[in-house]
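Residue numbers (my numbering): 1 to 185.
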(Lines of atoms letter the chains of each structure in order from A; the text may use other names.)
(Lines give C-alpha, C1' and ligand atoms only; values in the text may rest on other atoms or scores of the structure.)
Protein backbone atom coordinates (compact mmCIF):
# COMPACT_ATOMS: atom_id res chain seq x y z
CA UNK A 1 0.00 0.00 0.00
CA UNK A 2 1.43 3.34 -1.04
CA UNK A 3 1.16 6.11 1.54
CA UNK A 4 0.58 9.52 0.00
CA UNK A 5 2.67 12.18 1.70
CA UNK A 6 0.69 15.18 2.90
CA UNK A 7 1.56 18.13 0.67
CA UNK A 8 1.52 21.71 1.81
CA UNK A 9 -1.24 23.68 0.12
CA UNK A 10 -0.09 27.25 0.75
CA UNK A 11 3.44 27.14 2.15
CA UNK A 12 5.14 24.62 -0.12
CA UNK A 13 7.40 27.41 -1.39
CA UNK A 14 8.88 27.73 2.13
CA UNK A 15 9.69 24.03 2.22
CA UNK A 16 11.26 24.21 -1.25
CA UNK A 17 13.32 27.27 -0.29
CA UNK A 18 14.70 25.46 2.76
CA UNK A 19 15.53 22.38 0.68
CA UNK A 20 17.38 24.53 -1.86
CA UNK A 21 19.25 26.36 0.92
CA UNK A 22 20.32 23.06 2.50
CA UNK A 23 21.47 21.69 -0.87
CA UNK A 24 23.54 24.80 -1.60
CA UNK A 25 25.01 24.89 1.91
CA UNK A 26 25.89 21.21 1.56
CA UNK A 27 27.63 21.86 -1.76
CA UNK A 28 29.59 24.76 -0.29
CA UNK A 29 30.56 22.68 2.74
CA UNK A 30 31.64 19.79 0.51
CA UNK A 31 33.73 22.11 -1.64
CA UNK A 32 35.37 23.69 1.43
CA UNK A 33 36.03 20.27 2.95
CA UNK A 34 37.55 18.93 -0.28
CA UNK A 35 39.84 21.95 -0.49
CA UNK A 36 40.82 22.00 3.19
CA UNK A 37 44.25 20.62 2.34
CA UNK A 38 46.23 19.58 5.42
CA UNK A 39 43.28 20.51 7.67
CA UNK A 40 41.02 17.86 6.10
CA UNK A 41 41.74 15.10 8.71
CA UNK A 42 40.93 17.56 11.51
CA UNK A 43 37.73 18.61 9.76
CA UNK A 44 36.70 14.96 9.38
CA UNK A 45 37.45 14.28 13.07
CA UNK A 46 35.27 17.21 14.13
CA UNK A 47 32.59 16.14 11.66
CA UNK A 48 32.52 12.61 13.11
CA UNK A 49 32.35 13.98 16.67
CA UNK A 50 29.46 16.28 15.72
CA UNK A 51 27.60 13.41 14.05
CA UNK A 52 27.97 11.38 17.23
CA UNK A 53 26.75 14.19 19.48
CA UNK A 54 24.17 15.92 17.28
CA UNK A 55 22.91 12.81 15.44
CA UNK A 56 20.56 11.55 18.18
CA UNK A 57 19.10 15.03 18.71
CA UNK A 58 18.62 15.44 14.97
CA UNK A 59 16.75 12.15 14.65
CA UNK A 60 14.59 13.06 17.62
CA UNK A 61 13.65 16.57 16.42
CA UNK A 62 14.07 16.53 12.62
CA UNK A 63 10.30 16.30 11.95
CA UNK A 64 9.40 19.30 14.14
CA UNK A 65 9.98 22.04 11.52
CA UNK A 66 7.91 20.12 8.95
CA UNK A 67 5.11 19.57 11.47
CA UNK A 68 5.11 23.28 12.42
CA UNK A 69 4.95 24.18 8.71
CA UNK A 70 2.02 21.75 8.22
CA UNK A 71 0.27 23.25 11.26
CA UNK A 72 0.66 26.80 9.93
CA UNK A 73 -0.41 25.65 6.45
CA UNK A 74 -3.62 24.17 7.91
CA UNK A 75 -4.23 27.42 9.80
CA UNK A 76 -3.75 29.38 6.56
CA UNK A 77 -6.23 27.03 4.89
CA UNK A 78 -8.81 27.55 7.64
CA UNK A 79 -8.24 31.30 7.58
CA UNK A 80 -8.70 31.50 3.81
CA UNK A 81 -11.97 29.56 4.09
CA UNK A 82 -13.17 32.00 6.75
CA UNK A 83 -11.95 34.86 4.60
CA UNK A 84 -13.95 33.75 1.58
CA UNK A 85 -17.11 33.47 3.70
CA UNK A 86 -16.58 36.88 5.29
CA UNK A 87 -15.69 38.57 1.99
CA UNK A 88 -19.03 37.49 0.60
CA UNK A 89 -20.79 38.97 3.63
CA UNK A 90 -19.05 42.31 3.95
CA UNK A 91 -16.35 44.66 2.76
CA UNK A 92 -13.27 43.02 1.30
CA UNK A 93 -10.56 45.31 2.67
CA UNK A 94 -11.94 45.55 6.20
CA UNK A 95 -12.53 41.80 6.35
CA UNK A 96 -9.10 40.90 5.04
CA UNK A 97 -7.42 43.32 7.41
CA UNK A 98 -9.40 42.06 10.39
CA UNK A 99 -8.77 38.41 9.61
CA UNK A 100 -5.07 39.00 9.03
CA UNK A 101 -4.82 40.75 12.41
CA UNK A 102 -6.78 37.93 14.08
CA UNK A 103 -4.63 35.23 12.50
CA UNK A 104 -1.45 37.11 13.43
CA UNK A 105 -2.56 37.62 17.02
CA UNK A 106 -3.46 33.93 17.39
CA UNK A 107 -0.41 32.46 15.65
CA UNK A 108 2.29 34.85 16.85
CA UNK A 109 2.47 33.59 20.45
CA UNK A 110 2.53 29.97 19.26
CA UNK A 111 5.28 30.64 16.73
CA UNK A 112 7.24 32.65 19.29
CA UNK A 113 6.97 29.85 21.86
CA UNK A 114 8.21 27.23 19.38
CA UNK A 115 11.05 29.46 18.20
CA UNK A 116 12.24 30.15 21.76
CA UNK A 117 11.90 26.48 22.68
CA UNK A 118 13.91 25.40 19.64
CA UNK A 119 16.53 28.06 20.39
CA UNK A 120 16.99 26.85 23.97
CA UNK A 121 17.17 23.21 22.82
CA UNK A 122 19.81 24.07 20.22
CA UNK A 123 21.81 26.06 22.77
CA UNK A 124 22.21 22.88 24.82
CA UNK A 125 24.09 21.21 21.96
CA UNK A 126 27.89 21.43 21.97
CA UNK A 127 29.37 24.12 19.71
CA UNK A 128 25.99 25.63 18.83
CA UNK A 129 26.39 28.67 21.11
CA UNK A 130 29.75 29.43 19.44
CA UNK A 131 28.24 29.15 15.97
CA UNK A 132 25.27 31.27 17.06
CA UNK A 133 27.61 34.03 18.28
CA UNK A 134 28.85 34.32 14.71
CA UNK A 135 25.56 33.84 12.85
CA UNK A 136 23.15 35.86 15.02
CA UNK A 137 24.85 39.27 14.59
CA UNK A 138 24.94 38.72 10.82
CA UNK A 139 21.25 37.79 10.77
CA UNK A 140 20.43 40.85 12.90
CA UNK A 141 22.41 43.09 10.54
CA UNK A 142 20.61 41.79 7.45
CA UNK A 143 17.23 41.97 9.20
CA UNK A 144 17.84 45.65 9.89
CA UNK A 145 18.96 46.17 6.27
CA UNK A 146 15.75 44.48 5.06
CA UNK A 147 13.60 46.70 7.31
CA UNK A 148 15.41 49.84 6.12
CA UNK A 149 15.02 48.85 2.47
CA UNK A 150 11.31 48.14 2.87
CA UNK A 151 10.75 51.46 4.66
CA UNK A 152 12.78 53.47 2.13
CA UNK A 153 11.13 51.93 -0.92
CA UNK A 154 7.68 52.42 0.63
CA UNK A 155 8.53 56.09 1.24
CA UNK A 156 9.58 56.41 -2.40
CA UNK A 157 6.13 55.24 -3.43
CA UNK A 158 6.71 51.62 -4.40
CA UNK A 159 3.31 50.03 -3.69
CA UNK A 160 4.66 46.50 -3.20
CA UNK A 161 6.89 47.66 -0.35
CA UNK A 162 3.94 48.97 1.61
CA UNK A 163 2.59 45.40 1.77
CA UNK A 164 5.84 43.79 2.93
CA UNK A 165 6.05 43.13 6.67
CA UNK A 166 8.84 44.57 8.78
CA UNK A 167 10.81 42.09 10.86
CA UNK A 168 10.24 42.67 14.60
CA UNK A 169 13.95 42.72 15.41
CA UNK A 170 13.54 43.99 18.98
CA UNK A 171 10.92 41.35 19.75
CA UNK A 172 13.11 38.62 18.22
CA UNK A 173 16.11 39.74 20.28
CA UNK A 174 13.99 39.80 23.44
CA UNK A 175 12.54 36.33 22.75
CA UNK A 176 15.93 34.72 22.17
CA UNK A 177 17.43 36.32 25.27
CA UNK A 178 14.58 35.13 27.49
CA UNK A 179 14.82 32.22 29.94
CA UNK A 180 13.76 28.72 28.82
CA UNK A 181 10.04 28.53 27.99
CA UNK A 182 7.50 26.76 30.15
CA UNK A 183 5.72 23.69 28.81
CA UNK A 184 2.23 25.26 29.05
CA UNK A 185 1.71 25.63 25.26
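In this text, a Cβ means the ideal position worked out from N, Cα and C, and glycines have one as well.
4-residue-minimum alpha helix (DSSP H) runs that sit fully inside the region 120 to 183, ordered along the chain: 128 to 155, 159 to 163, 169 to 176
Inspect the CB distances between the region 42 to 58 and the region 121 to 135 and report whether three or more fall short of 8 Å. yes
Quick one: measure Cβ to Cβ for residue 122 and residue 147, integer angstroms, because I've assumed they're closer than 8 Å. Within the chain shown, residue 122 is the residue found at index 122, counting from 1. Within the chain shown, residue 147 is the residue found at index 147, counting from 1. So it is not a contact: roughly 25 Å between Cβ atoms.
Using CA atoms only, rank isn't needed, just tell me which of 170, 7, 137, 163 is closest to residue 70. Counting from 1 along the chain shown, the entry for residue 70 is found at position 70. Minimum Cα distance to residue 70 is reached at 7.
By a C-beta neighbour count over all protein chains shown, 10 Å radius and 16 as the cutoff for buried, is residue 23 buried or exposed? Taking the chain shown and counting its residues from 1, the one referred to as residue 23 is at position 23. Under this definition residue 23 is an exposed residue.
Can at least three beta-carbon pairs, one atom from the region 61 to 76 and one from the region 9 to 16, be found at a separation below 8 Å? yes
Leaving out the 5 sequence neighbours to the left and right, which residues in its chain are closer than 7 Å to residue 3 when beta-carbon positions are compared? For the purposes of this step, residue 3 is identified with residue 3 of the chain shown, where counting begins at 1. Because residue 3 sits at a pLDDT of 47, beneath the cut-off of 50, its placement in the model cannot be relied upon, and the point is left open.
Under a three-way DSSP split, which group does residue 82 fall into? Residue mapping note: residue 82 aligns to position 82 of the chain shown, counting from 1. It is helical.
Based on Cα-Cα distance, which residue from 170, 155, 172 lies nearest to residue 164? Mapped onto the chain shown, residue 164 falls at position 164. Closest by alpha carbon: 155.
Member of 31, 75, 173, 28 whose CA lies at the smallest distance from the CA of residue 137: To locate residue 137, count along the chain shown from 1; it is residue 137. The shortest C-alpha separation from residue 137 is found at 173.
Could you give the residue range of the alpha helix (DSSP H) that holds residue 50? Counting from one through the chain shown, the residue named residue 50 turns up at place 50. Counting along the chain, the alpha helix (DSSP H) containing residue 50 begins and ends at 40 to 61.
Where does residue 32 sit, in a helix, a strand or coil, going by DSSP? Here residue 32 refers to the residue found at position 32 of the chain shown. Three-state DSSP puts residue 32 in a helix.
Could you round the C-beta distance between residue 103 and residue 75 to whole angstroms and report it? I think they count as a contact, below 8 Å. As a working mapping, residue 103 is identified with position 103 in the chain shown. As a working mapping, residue 75 is identified with position 75 in the chain shown. At roughly 7 Å, the Cβ-Cβ gap stays under 8 Å, so residue 103 and residue 75 are in contact.
Burial state of residue 63, where buried means 16 or more other Cβ atoms lie within 10 Å: Within the chain shown, numbered from 1, the residue matching residue 63 stands at position 63. Result: exposed.
For residue 98 and residue 81, I'd like the C-alpha separation in whole angstroms. Reading the chain shown from its first residue, position 98 is the one you call residue 98. Reading the chain shown from its first residue, position 81 is the one you call residue 81. Using only the alpha carbons, I get a separation of about 14 Å.
Quick check on residue 74: does DSSP put it in helix, strand or coil? Your numbering for residue 74 matches position 74 in the chain shown. Reduced to three states, the DSSP call for residue 74 is helix.
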